[in-house]
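Residue numbers for the sequence shown follow the numbering used here, so the first one is 472 and each next one is one higher.
Below: the structure, in structure tokens.
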Amino acid sequence: MSNTWEQIQDNVFLFRDSCLVYAVKGPEGTVIVNAGTGLAADHLNEMGSSETTTVLLTHHFRDHTDGAIRLNEAGAKIIGPYWDQEYLIDPEQHFRERQIWNSYDNRWDRFSPIRPIPEIDWLMDYETREIAGLEWEVVPTPGVTNGASSYIVNLDGRRLAFVGEVICGHGKTGRLAPLQYNYNDLTGAVNLWRSSSRLLEAKPDALLPSLGEPMDDPIGAIAAFKENLKLIDKIQGGFSDQLFEPEDDDIEEVLPHLYRSKYGSACTHFILSDSGKVLSLDYGYNSSAYALPGKQHLSNRRPFLHGLKGLKKQFGADRIDTVLVTHFHDDHVNGIPLLQRVFGTEVWASNTFTDILERPERYDRPCLWHEPIPVANHLPIGETFQWENIPITLYPMSGHTRLATLVCFEVDGKRVVHTGDQIFFRTASGMAFAPGAKLFTNHVYKNGLDIGCYAQTLEELRRFKPDWVITGHTMPYETSDEWYEVIEEGAKAFDEVHQSLMSLGDDDVHFGAESQGGKLYPYQAHLPEGGTAQFEGWILNPFPSNQTASAVLVGPEGWESEAIEVELGPREQKDINISITPPAGTKARRQPVGLDLIVGGRPFGQVVEALMTVGCPRF
């Protein structure tokens, strides 16, 4: 192997290291794709002088990325794929969190860098960014890693695709082992099939892999690759059943102005206005775009666009103008930041949970998405507003989560209600609703709920009298008298169970069905330079009489907490502010601090915790 740059076309060079390292000379600098071990840093002058050098990383494997440290020391700016960022910026924390014992998780996330990559920036899915005077397009291509991306650039009349390990030769991939995400599967191979399709949609003229050799016949190379992937069926029966191409028409009609995405993991519905604008009811990740590892991880729910092909094909709509959010759970919202980046989509949501969308780190609730979602329109509960010519009213809907809304609107002469994830049914046929169905109360205590919550939802439904029901996870269906009767039966049962099994009487001492004596905000407190952590929150009086409450924060020895005292009325919930200060020089990751509560002289212990990271760059 010669340690020198090979010119493979005008302004494109190749360096053979632990992976193939490419250099593209643009009018305003040089872009290097992947870093290998960093040997190329000693040979940058061989390509001629360049004002700036930028390194693009396709995925986190350390045979591709560790050399970014040397290149950065040589003056290069480093940019990586957003969904692989944790492995690149803080490997110490990654390896600390990574399960080792009794692990059935075979992802190659342990092949991440040992050393953090310094001063790194991120490229987002579907982004186009000018680098070195050239336009670089990001194509999401998970496969060997959950977060892998490919980059396409137009250069001298050709579209060059730098594809990492998606494909590494005509019909070939570099290694199968990273495709075994779980104990004995090849889930990553399914993702490579779908990633290959996305590459073809980008219409490249050449494929430049990080393993293997460049290819000038993308169509033929990928076609052969996809045929070879089907061979896995011979050793894993049924594998090829997962290899399908999503339909161009990826929406289906509910009503003439109401459509449903076929591929949203949580159901996404679209309302079309007569003016051609599109409102999306929720927008989560695309269930057809990605096969998931068994291990839960943020990148497992990497969002991809869905519904856009069908909207474009049927109505000429090339963007989603507005998203109306039913509730904050990740499978309903994690595609929204993507819409905001790509289309500038405006987000509307009830003012009861806009803060959790905009500042998720403040909360300890299930299914939270980590990306803040700015909300343009904070909607009041119970007031009718208009989107285009569509009247919409939101009502509170505690049960599945206290921070959810019942969405009621009229379209095509029909009254339609979106019940979120609140009202589902058990049916023999698996239908959304059928005769003989039983209500499944999809309640989650940590999301927050109240006794009587399902009865309240039923009351709102009877008031609105919907013709059609759409939900977060079922096919649409029409209402009936039996539908109301089944919901009523389930609502009564919900209250009866809790009142029978818990001491929730008027004279009892209790924290309600949720069993929460308080909350602290933010739940994730990050003090990279140390100092005092300020918390907001609330505490609840469990007594049916006036009481005095006192509280302190409990942390490690030497951490000093403020003490507070609050007067509370019967069952009253009251907001609090409290602080704690770790000693100077403290370094701690996700250190729990508990709120110790005494009410009416009775201790209730540390009723809630928050997590504090002190003196570390990443939470």
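All C-beta atoms, glycine included, are put in the ideal place defined by N, C-alpha and C.
Computed from a predicted structure; not experimentally measured.
*Residue from GLY635, TRP572, VAL495 with nearest C-alpha to ILE602*: Each of GLY635, TRP572, VAL495 was checked against the Cα of ILE602, and the nearest Cα belongs to VAL495.
*Who are the Cβ neighbours of GLY1065 in its own chain at under 6 Å, not counting the five residues just before and after it?*
Hits under 6 Å: VAL1025, GLN1077, GLU1080.
*For TYR553, which of helix, strand or coil comes out of DSSP?*
Here TYR553 carries a helix assignment [DSSP, helix/strand/coil].
_Would TYR992 and LEU1082 be called neighbours here (beta carbons separated by less than 8 Å)?_
Not a contact, by the Cβ cut-off of 8 Å.
*Would you be able to state if there are at least three C-beta pairs under 8 Å between the region 775 to 792 and the region 745 to 761?*
The region 745 to 761 is in contact with the region 775 to 792.
*Using the DSSP secondary-structure output, state which residues sit across from SER732 in a beta bridge.*
Answer by DSSP bridge pairing, in chain order: ILE722.
*Alpha carbon to alpha carbon, how far is ILE693 from HIS514?*
Per the coordinates, the alpha-carbon of ILE693 lies some 33 Å from the alpha-carbon of HIS514.
*To the nearest angstrom, report how far apart HIS969 and ILE922 are at their CA atoms.*
So the two alpha carbons sit approximately 8 Å from each other.
_Reference PRO1063, options ILE1051, VAL1070, ALA1055, closest by Cα_ = Taking only the C-alpha atoms, the option nearest PRO1063 is ILE1051.
*Using the beta-carbon count (16 or more within 10 Å), is GLN785 buried or exposed?*
By the neighbour-count rule (16 or more Cβ atoms within 10 Å), GLN785 is not buried but exposed.
*Could you tell me the distance, in whole angstroms, from the CA atom of LYS643 to the CA atom of PRO589?*
Put simply, the backbone Cα of LYS643 is about 33 Å away from that of PRO589.
_Using a 10 Å radius around the Cβ and a threshold of 16 neighbouring Cβ atoms, would you call GLY1072 buried or exposed?_
Around the C-beta of GLY1072, fewer than 16 other C-beta atoms lie within 10 Å, and the residue is accordingly described as exposed.
_Counting C-beta neighbours from all protein chains within 10 Å, is the total for PRO1096 16 or more, i.e. buried, or is it exposed?_
Lying outside 472 to 1090, the shown extent of the chain, residue 1096 is not represented and no answer is given.
*asked:* According to DSSP, is GLU563 part of a helix, a strand, or is it coil?
replied: It is helical.
_Three-state class that DSSP yields for GLN707 in the structure shown_ = Three-state DSSP puts GLN707 in coil, outside helix and strand.
_In the DSSP assignment, the alpha helix (DSSP H) including ASP966 goes from what residue to what residue?_
Per DSSP, the unbroken alpha helix (DSSP H) holding ASP966 starts and ends at 952 to 972.
*Cut-off 8 Å between Cβ atoms - residues of its own chain near ARG836, not counting five sequence neighbours on either side*: Only PHE799, ILE827, THR872, LEU874, LYS917, ASN918, GLY919 meet the Cβ criterion.
*asked:* Going by C-alpha to C-alpha distance, which of TYR866, ASP792, ALA964, THR1084 sits closest to LEU932?
replied: Among TYR866, ASP792, ALA964, THR1084, the Cα nearest to that of LEU932 belongs to TYR866.
*asked:* Could you give the first and the last residue of the continuous beta strand (DSSP E) run that contains ILE585?
replied: Careful: ILE585 lies outside any beta strand (DSSP E) and carries neither H nor E.
*Check GLY1008 in the structure and name its three-state DSSP category.*
GLY1008 carries a strand assignment under DSSP once its states are collapsed to helix, strand and coil.
*asked:* Could you give the first and the last residue of the continuous alpha helix (DSSP H) run that contains PRO689?
replied: Per DSSP, PRO689 belongs to the alpha helix (DSSP H) from 689 to 701.
*Using the Cα positions of SER521 and LEU485, report the straight-line distance between them to the nearest angstrom.*
SER521 and LEU485 have their C-alpha atoms some 17 Å from each other.
*When we look at the beta-carbon of ASP860 and count the other beta-carbons within 10 Å, is it buried (16 or more) or exposed?*
The question names Asp, but residue 860 in the sequence shown is Asn. Exposed: under 16 other Cβ atoms inside 10 Å.
*Residue burial classification, GLY1167 (beta-carbon count within 10 angstroms, cutoff 16)*: There is no way to answer for residue 1167, as the model of the chain reaches only from 472 to 1090.
*Output the boundary residues of the alpha helix (DSSP H) element that contains ILE807.*
If you look at ILE807, you'll find it in the alpha helix (DSSP H) that goes 807 to 814.
*Would you check if the distance between the CB atom of LYS1058 and the CB atom of CYS1087 is smaller than 8 Å?*
Closer than 8 Å, so yes.
*Could you check the C-alpha separation between GLU608 and SER621 for me, to the nearest Å?*
About 8 Å.
*Could you give the residue range of the beta strand (DSSP E) that holds GLU606?*
For GLU606, the enclosing beta strand (DSSP E) covers residues 605 to 611.
_Using only the alpha-carbon positions, how far apart do LEU702 and PRO808 sit?_
Spanning the alpha carbons of LEU702 and PRO808 requires a straight line of approximately 37 Å.
*Could you check if LEU743 is buried or exposed, using at least 16 other CB atoms within 10 Å of its CB as the buried criterion?*
Answer is buried; the Cβ neighbour count reaches 16.
*Evaluate THR1019 with the Cβ neighbour count: other Cβ atoms within 10 Å of its Cβ, from every protein chain shown; 16 or more gives buried, anything less gives exposed.*
Result: exposed.
*asked:* What would DSSP say about ASN848, mapped onto helix, strand or coil?
replied: In the structure shown, ASN848 sits in a strand (DSSP, three-state: E or B).
*How many angstroms separate the CA atom of THR864 from the CA atom of ASN625?*
About 48 Å.
*So the alpha helix (DSSP H) TRP1096 belongs to, where does it begin and stop?*
Residue 1096 lies beyond the stretch modelled for the chain, which goes from 472 to 1090, so this question has no answer here.
_PHE799 (DSSP reduced to helix, strand or coil)_ = Secondary structure at PHE799: coil, using DSSP grouped into helix, strand and coil.
_The beta strand (DSSP E) enclosing GLU817, as first and last residue numbers_ = Segment 817 to 821, the beta strand (DSSP E) holding GLU817.
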